[in-house]
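**Q** Dropping a structure here in C-alpha cells format, bear with me for questions.
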Amino acid sequence: MKVEAILSAKRSGVVTVLPEDTIATVARVLAEKAIGAVVVSDGRDGVAGIITERDLVRALARFGNETVTHGVAELMTRDVVTATSHDTIDDVSERMTRGKFRHVPIMEGERLVGMVSIGDIVKYRIESIEAEASAMREYIATA
Ligand code: AMP
Numbered sequence: 001m002k003v004e005a006i007l008s009a010k011r012s013g014v015v016t017v018l019p020e021d022t023i024a025t026v027a028r029v030l031a032e033k034a035i036g037a038v039v040v041s042d043g044r045d046g047v048a049g050i051i052t053e054r055d056l057v058r059a060l061a062r063f064g065n066e067t068v069t070h071g072v073a074e075l076m077t078r079d080v081v082t083a084t085s086h087d088t089i090d091d092v093s094e095r096m097t098r099g100k101f102r103h104v105p106i107m108e109g110e111r112l113v114g115m116v117s118i119g120d121i122v123k124y125r126i127e128s129i130e131a132e133a134s135a136m137r138e139y140i141a142t143a
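Going by the working numbering, 94 is the number at position 94 of the sequence shown; the sequence numbering is gapless.
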C-alpha cells in the first residue's frame with residue numbers, strides 16, 4: 001500500500017517553523033499541535049531541515065535552561081530523509097527503522113506536501129488488520 005493512503009486520511013497541511021525561529025517557538029508549536037516533530041521550511045515550499053522532540057531533549061541535556069534561546073538552524077537535522085506519496089508504506093517504515101527516526105516528510109519534487117509519522121503507520125496497519133478480520137468474519141458467517 002502507498003503513502004497516499006495515509007495522507008488522504010489525514011488533515012492536510014504540514015506544521016513548519018523557520019531556521020531563524022527559537023527552540024522556545026518549537027516547544028510551543030509541538031505542545032499546541034500535540035505533535036513530535038516540525039519540518040523546518042526553507043522559506044519557500046521546500047525543506048531546510050527537521051527538528052523533533054528528541055532534538056529538544058538532547059539540547060536540554062547539553063544547554064540546560066539556556067536551551068529555549070537557541071536557534072532552530074543550530075539544532076535541526078539538515079540531512080533529511082524524505083519520501084513521495086507513491087512510495088510504499090513498507091518502504092517508508094523501513095527507512096524509519098534503518099535511520100532510527102519516527103518522521104518522514106513527503107515531497108512532490110522540491111515541494112513539501114505532507115508528513116508521515118510512525119504513529120500514522122501504526123494506526124494505518126491496525127485499521128487494515130481490523131478491516132481484514134471483519135471481512136473474514138463476515139465471509140465465515142455467510143459461507
Ligand atoms: P524522531 O525519532 O523522529 O524524533 O527523530 C530522531 C532524530 O532523527 C532527531 O535528531 C531528528 O532530527 C532526526 N530525524 C527525524 N526525522 C528525520 C528524517 N526524516 N530524516 C533525517 N533525520 C530525521
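Glycine included, C-beta positions come from ideal geometry on N, C-alpha and C.
On a predicted model such as this, the values are computed, not experimentally measured, just so you know.
Could you pull the start and end residues of the beta strand (DSSP E) that VAL146 belongs to?
**A** Residue 146 lies beyond the residue range present for the chain, which begins at 1 and ends at 143; the question has no answer from this structure.
**Q** Three-state secondary structure (DSSP) at VAL40?
**A** For this step, residue 40 is matched to residue 40 along the sequence shown. Residue state, collapsed to three classes: strand.
**Q** Between GLU20 and the rest of its own chain, which residues show a CB-CB distance below 8 Å, the 5 nearest in sequence each way excluded?
**A** Position 20 of the sequence shown holds residue 20. Result list for GLU20: GLY71, VAL72 and ALA73, in chain order.
**Q** Does the segment 123 to 139 come close enough to the segment 37 to 46 that 3 or more CB-CB pairs lie under 8 Å?
**A** No contact exists between the segment 37 to 46 and the segment 123 to 139.
**Q** Quick check on the DSSP output: the beta strand (DSSP E) that includes MET1 runs from which residue to which?
**A** What you label residue 1 is simply residue 1 of the sequence shown in a count that begins at 1. No beta strand (DSSP E) holds MET1; DSSP gives it neither H nor E.
**Q** For the putative contact between ILE198 and ILE6, defined by C-beta atoms under 8 Å, what is the C-beta separation to the nearest angstrom?
**A** With the chain covering only 1 through 143, there is no way to say anything about residue 198.
**Q** Say the cut is 7 Å; is the CB of ALA37 nearer than that to a heavy atom of the ligand AMP?
**A** Taking the first residue of the sequence shown as 1, we reach residue 37 at position 37. ALA37: yes, Cβ under 7 Å from the ligand AMP.
**Q** For the beta strand (DSSP E) containing GLY71, list its first residue and its last residue.
**A** Start at 1 with the first residue of the sequence shown, and residue 71 comes out as number 71. It is not in any beta strand (DSSP E) - GLY71 carries neither H nor E in the DSSP assignment.
**Q** Looking at the ligand AMP, does it come within less than 7 Å of THR69, judged from the CB to the closest heavy atom?
**A** If you number the sequence shown from 1, residue 69 lands on position 69. Not so, every heavy atom of the ligand AMP lies at least 7 Å from the Cβ.
**Q** What is the DSSP secondary structure of GLU116, counted as helix, strand or coil?
**A** Looking up residue 116 in the sequence shown gives position 116. Checking the sequence, you will find Val at residue 116 rather than Glu. VAL116: strand per DSSP, three-state reduction.
**Q** Would you mind sorting ALA59 into buried or exposed? The rule is 16 or more other CB atoms within 10 Å of its CB.
**A** Residue mapping note: residue 59 aligns to position 59 of the sequence shown, counting from 1. ALA59 should be labelled buried.
**Q** Would VAL92 be called buried (16 or more neighbouring beta carbons within 10 Å of its own) or exposed?
**A** Residue numbering aside, residue 92 sits at position 92 when the sequence shown is read from its first letter. The residue is buried, with at least 16 neighbouring Cβ atoms inside 10 Å.
**Q** If VAL68 and THR22 are in contact, beta carbons under 8 Å, what's the gap, nearest whole angstrom?
**A** The residue given as residue 68 occupies position 68 in the sequence shown. The residue given as residue 22 occupies position 22 in the sequence shown. Sure, about 6 Å apart at Cβ, within 8 Å.
**Q** For the putative contact between VAL38 and VAL57, defined by C-beta atoms under 8 Å, what is the C-beta separation to the nearest angstrom?
**A** The count along the sequence shown starts at 1 and reaches residue 38 at position 38. The count along the sequence shown starts at 1 and reaches residue 57 at position 57. That pair is no contact at about 15 Å.
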